[in-house]
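To convert, note that position 279 of the sequence shown is 278 in numbering that gives the first Met the number 0; the numbers rise steadily by one, no gaps. Taking it in order: structure first as structure tokens, then the write-up.
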Amino acid sequence: MSESIQSVTTQTIFNNIGSLYLPVDNGNEICQWYEKYFNSASARNLSLFWETTQEKGLTCNFWTDEWIPGETYEMFAVRFETDAIEELYERLSAAHVKLEPLHDVDKSGLMFVYTDPQGNKFQVWQRSDTQTQPLREGVPALIGVAALFFPVKDRAVTYSWYTDFLGIERSVSGQPMTSLGQEFHFYRSIEPGRTLNFYTGAGEIQHMAIAMVQMNGVEAFHRRMIDSRQRVQEEILDREGCGYQFQLYDPDGNKLDIWDLQTMVVHIPDQSNSPDWKDRFAFFNCCFHVGMDEFVQKMIEGAPGSRHKRLQILDTAFIRESDPEGLNELVAALEQFGKQYPQWAVDIDFREGPSIF
């Protein structure tokens, strides 16, 4: 690793894996299959997006000779977590879904591998200390993602990039991980140049990353990646209620969507005469559309690592003229929240104009 890269090393905190983008030929068919056997086409704590690919039959599997030493194995890219593993395994087995045996590895918990109709292989894992639950109607069988597995040329080089260069925290087992404990694993691909990236084939063609990683302080991290001459998207995209986003490539060309969620605050014209200033403001992002009290409650009750710091108040020039008292009350309430819960305090940005979209 070059000295210029080592000199910019600092700690990087990935909060959590915010979304997964998975390749399919027919999203509707796959969603119906997951609804039938997993109770949902998504997970409880994670959005799964089934993206139509440009190349038919594409999967996120890759071939390695390191999962089972000395043998070639078609490797899965994702380990999902569940709390109903035995019943889920029985359901899939009864439906003649292609399965690898249910087993316990190193007493960490039961796990198995299945193959869906697209041909994507995924591992399902239940922690050893999780209380087993039955499959419940309307409750996704998959809780969220526990680990991602990337194809690489040299495990040591890629591992060092994530841990030494990026400075990502390591799990007890030594793997780089998010604040929620979601791990990143690396296995040597026997297919030269193999990545988890893929091209969508519907509408505007896009080169997709498989994972969106949420973090705070996107601007500083983006600048550090540019200054250290990493392969990175040159501009950060402001997607308003969907946050700030840019794409970063690891040493093997696997893309990560780096994402900083933000909440937008708007003044509600229909409530301009309400005596309660809270009625005059709404908080929204790609996850919710709520009032002040609901926003505060979501921040307090949110899972560790999933909270975000960025908050933009839109059209503040207009609000200063039309409702200065309400704006002052809003800012004071947010600042008070930050004093009461400093670990969840938000950074307030004032946008003079309205939404850019």
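We put the beta carbon where it would ideally sit given N, CA and C, even for glycine. As the structure is a prediction and not an experimental result, all values here were calculated from the model.
Flag this pair as touching only if the segment 211-224 and the segment 252-264 have three or more C-beta atom pairs under 8 Å; answer yes or no.
-> Yes: at least three Cβ pairs fall under 8 Å.
Short Cβ contact (9 Å threshold) for Ala94 with Tyr36 | Walking along the sequence shown from the start, residue 94 turns up at place 95. Walking along the sequence shown from the start, residue 36 turns up at place 37. A Cβ-Cβ contact shorter than 9 Å links Ala94 with Tyr36.
Answer with buried or exposed for Arg309, where buried requires no fewer than 16 other C-beta atoms within 10 angstroms of its C-beta.
-> As a first step, residue 309 must be located in the sequence shown, where it is residue number 310. When all chains shown are included, Arg309 counts as buried.
List the endpoints of the continuous beta strand (DSSP E) containing Arg309.
-> Position 310 of the sequence shown holds residue 309. From DSSP, the beta strand (DSSP E) with Arg309 extends over Arg309 to Ile312.
Taking the C-alpha atoms as reference points, what is the distance between Ser181 and Ser321?
-> Taking the first residue of the sequence shown as position 1, residue 181 is located at position 182. Taking the first residue of the sequence shown as position 1, residue 321 is located at position 322. The sequence given here places Gln at residue 181; Ser does not occur at that position. The straight-line gap from Cα to Cα measures roughly 46 Å.
Buried or exposed by the 16-neighbour rule on C-beta atoms within 10 Å, applied to Leu313 | If you number the sequence shown from 1, residue 313 lands on position 314. It counts as buried.
Do you know how far the Cα of Glu50 is from the Cα of Tyr340?
-> One-based indexing of the sequence shown puts residue 340 at position 341. One-based indexing of the sequence shown puts residue 50 at position 51. Tyr340 and Glu50 have their C-alpha atoms spaced approximately 38 Å apart.
Whole runs of the alpha helix (DSSP H) within the segment 116-195, excluding any shorter than 4 residues | Complete alpha helix (DSSP H) runs here, min 4: 154-159.
Ranges of the alpha helix (DSSP H) found wholly within the segment 209-252, counting only runs of at least 4 | The segment 209-252 contains these whole alpha helix (DSSP H) runs: 217-226.
Residues that DSSP places opposite Val77 in a beta bridge = Mapped onto the sequence shown, residue 77 falls at position 78. Bridge partners of Val77: Leu147.
Do three or more CB pairs link the segment 123-137 to the segment 86-103 at distances below 8 Å?
-> In this structure the segment 123-137 lies against the segment 86-103, because at least three pairs of beta carbons, one per stretch, are closer than 8 Å.
Where Val295 falls: helix, strand or coil (DSSP) = Looking up residue 295 in the sequence shown gives position 296. Val295: helix per DSSP, three-state reduction.
Outcome for His206 when other beta-carbon atoms lying within 10 angstroms are tallied against a minimum of 16 | In the sequence shown, counting from the first residue as 1, residue 206 sits at position 207. Here His206 is exposed: its Cβ has fewer than 16 other Cβ atoms, across all protein chains shown, within 10 Å.
Inside the segment 11-74 only - alpha helix (DSSP H) runs reaching at least 4 residues = 26-37
Report back the beta-carbon spacing between Val144 and Phe79 to the nearest angstrom; my notes put them in contact at under 8 Å.
-> Taking the first residue of the sequence shown as position 1, residue 144 is located at position 145. Taking the first residue of the sequence shown as position 1, residue 79 is located at position 80. Their Cβ separation, rounded to whole angstroms, is 6 Å, which keeps Val144 and Phe79 in contact under 8 Å.
Segment contact, 8 Å Cβ cut-off, at least three pairs: the segment 179-196 with the segment 60-79 = yes
With 9 Å as the threshold, decide whether the Cβ of Leu101 is near any Cβ in chain C.
-> The chain inventory of the structure shown lacks chain C, comprising one protein chain alone.
For Ile204, the three-state DSSP class (helix, strand or coil) = Counting from 1 along the sequence shown, the entry for residue 204 is found at position 205. If DSSP states are grouped into helix, strand and coil, Ile204 belongs with coil.
Count the other CB atoms within 10 Å of the CB of Leu236; is the residue buried (16 or more) or exposed (fewer)?
-> The sequence position of residue 236 within the sequence shown is 237, counting from 1. Exposed: under 16 other Cβ atoms inside 10 Å.
Cα-Cα, which of Cys241, Gly216 and Pro250 is closest to Val231?
-> Here the question's residue 231 lines up with position 232 in the sequence shown. Cα-wise, what sits closest to Val231 is Pro250.
Hey, how far is the Cα of Leu47 from the Cα of Pro323?
-> For this step, residue 47 is matched to residue 48 along the sequence shown. For this step, residue 323 is matched to residue 324 along the sequence shown. If you take the alpha carbons of Leu47 and Pro323, they lie about 41 Å apart.
Could you check what DSSP says for Gly304 in three-state terms: helix, strand or coil?
-> Position 305 of the sequence shown, counted from the start, is the residue given in the question as residue 304. Summary for Gly304: the model assigns pLDDT 48, below 50, so the residue's position carries little reliability; its value from the coordinates is reported in the next sentence. If DSSP states are grouped into helix, strand and coil, Gly304 belongs with coil.
Drop a sphere of 10 angstroms on the beta-carbon of Asp115, count the other beta-carbons inside from all chains shown, and report buried for 16 or more, exposed for fewer.
-> Mapped onto the sequence shown, residue 115 falls at position 116. Buried, because 16 or more other Cβ atoms sit within 10 Å of the Cβ of Asp115.
Using the C-alpha atoms, what's the distance from Phe75 back to Pro303?
-> Locating residue 303 in the sequence shown gives position 304, where the first residue counts as 1. Locating residue 75 in the sequence shown gives position 76, where the first residue counts as 1. Bear in mind that a pLDDT of 48 at Pro303, under 50, signals an unreliable position, so the number given afterwards is only what the model happens to contain. The straight-line gap from Cα to Cα measures roughly 27 Å.
Simplified DSSP state of Ala340, which is helix, strand or coil = Residue 340 sits at position 341 when you count from the first residue of the sequence shown. Residue identity check: residue 340 is Tyr in the sequence provided, not Ala. Note: Tyr340 maps to coil in three-state DSSP.
Skipping 5 residues on each side, what residues in its chain have a beta carbon closer than 7 Å to that of Thr162?
-> The count along the sequence shown starts at 1 and reaches residue 162 at position 163. If you ignore the 5 residues before and after Thr162, its C-beta comes within less than 7 Å of the C-beta of Arg169 and Pro175, all in its own chain and listed in chain order.
Whether Phe220 touches His184 by CB criterion (9 Å) | By 1-based counting over the sequence shown, the position of residue 220 is 221. By 1-based counting over the sequence shown, the position of residue 184 is 185. No, Cβ-Cβ distance for Phe220 and His184 is not below 9 Å.
Counted within 10 angstroms of its Cβ, other Cβ atoms place Thr52 as buried (16 or more) or exposed = Numbered from its first residue, the sequence shown carries residue 52 at position 53. Buried is the call here.
What is the rounded straight-line gap between the Cα of Met110 and the Cα of Ile29?
-> The residue you call residue 110 lines up with position 111 of the sequence shown. The residue you call residue 29 lines up with position 30 of the sequence shown. Straight-line Cα distance between these residues: approximately 22 Å.
Nearest to Ser41 (by Cα), restricted to the options Ala140, Trp66 and Gln117 | For the purposes of this step, residue 41 is taken as residue 42 along the sequence shown, with counting starting at 1. With distances taken between Cα atoms, Ser41 lies closest to Ala140.
Look at Phe280 and Phe287 and say whether their C-beta atoms are less than 9 Å apart.
-> As a first step, residue 280 is located in the sequence shown; it is residue number 281 there, counting from the start. As a first step, residue 287 is located in the sequence shown; it is residue number 288 there, counting from the start. No, they are not a contact pair.
Kindly list the residues whose CB is nearer than 8 Å to the CB of Glu70, restricted to its own chain and excluding five residues on each side of it in sequence; keep chain order.
-> Mapped onto the sequence shown, residue 70 falls at position 71. Closer than 8 Å at Cβ, skipping near neighbours: Asp64.
Is Lys254 helix, strand or coil when you go by DSSP?
-> Numbered from its first residue, the sequence shown carries residue 254 at position 255. In the three-state reduction of the DSSP assignment, Lys254 falls in the strand class, which pools E and B.
Same chain, Cβ closer than 7 Å to Ala332, neighbours up to 5 away in sequence not counted = Position 333 of the sequence shown holds residue 332. Excluding residues within five positions, the ones whose Cβ falls inside 7 Å are Met291.
Per DSSP, what kind of secondary structure is Val345 in: helix, strand or coil?
-> Translated into the one-based positions of the sequence shown, residue 345 becomes position 346. Residue state, collapsed to three classes: coil.
Please classify Val330: does DSSP put it in a helix, a strand, or coil?
-> Counted from its first residue, the sequence shown places residue 330 at position 331. Note: Val330 maps to helix in three-state DSSP.
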